[in-house]
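So the sequences go chain by chain: A and B. Heads up, the first sequence is in our numbering, so the first residue is 1 and it goes up one at a time. Heads up, the second sequence is in our numbering, so the first residue is 1001 and it goes up one at a time. Think of the CB as a built atom: it goes at the ideal place given N, C-alpha and C, for glycine as much as any other residue. Treat the numbers as computed from the prediction; the structure is a model and nothing was measured. One structure below.
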Amino acid sequence: DTAVSQTPKYLVTQMGNDKSIKCEQNLGHDTMYWYKQDSKKFLKIMFSYNNKELIINETVPNRFSPKSPDKAHLNLHINSLELGDSAVYFCASSPWGETQYFGPGTRLLVL
Amino acid sequence: GQQLNQSPQSMFIQEGEDVSMNCTSSSIFNTWLWYKQDPGEGPVLLIALYKAGELTSNGRLTAQFGITRKDSFLNISASIPSDVGIYFCAGYPNTNAGKSTFGDGTTLTVKP
């Protein structure tokens, strides 16, 4: 069974639309993360949740809103998508902080 | 925020050659991690280092936690084509901070 799963794997959408990416982990970890990987392959943390509470919120536009309905899920909703949002978004989980287990990524293309 | 300088940015090597890459920081880290990202996949942990001076191996990979706690090194011996990918270092300041800092990655290409 996949440890960290994300859906969808690919997402192509028009500018201005609203979209969501879902993430689930079956590792029993307390902490989950969202990362953005741009075209230069840089990995930048966006958000982190620990036991459903937001603990890290980097400088990310308000159009991005994470939601953690329970410890095993961390979803990312994006409003009013812009061209610059095109990237690969990775979800990750960890027992607490250090070693992170990444999902397969969601490739978002905004046209 | 904390910055990690990872070098080199990219490497093109012949199969069988050894590879070295490193990460440096102006801040002290208590944990250093090395990840590999295969094309089209998410990063996967290769080696974790928890103590200054620690040298840890995982098959053909060897990583070291620098004695100053501000750097780390990863070596790959006798490279093979499946070593291709992006290698990321990550530093973790302490066990309760909840946030690691990632380097910008080293892209490795191995020619058969």
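Original post:
Going along chain B in order, which residues have a C-beta closer than 7 Å to the C-beta of residue 43 of chain A?
Top reply: 1088 and 1102
Original post:
Which residues bound the beta strand (DSSP E) around residue 73 of chain A?
Top reply: 73-78
**OP:** Flag this pair as yes or no: are the beta carbons of residue 1023 of chain B and residue 1103 of chain B separated by less than 7 Å?
**Re:** yes
Original post:
DSSP state of residue 27 of chain A, grouped into three classes?
Top reply: coil
Subject >> Selection of the segment 48-68 of chain A by Cβ proximity to chain B, strictly under 8 Å >> reply: 48, 50, 55 and 56
**OP:** For residue 10 of chain A, write down the residues that DSSP places opposite it in a beta bridge.
**Re:** A/107
Original post:
For residue 79 of chain A, which residues from the same chain have a beta carbon less than 6 Å from its beta carbon, with the 5 sequence-adjacent residues on both sides left out?
Top reply: 18 and 63
**OP:** Identify every residue that forms a DSSP beta bridge with residue 21 of chain A.
**Re:** A/76
**OP:** Starting from residue 1048 of chain B, find everything on chain A with Cβ-Cβ shorter than 9 Å and list it in chain order.
**Re:** 98 and 99
Original post:
Helix, strand or coil for residue 1004 of chain B per DSSP?
Top reply: strand
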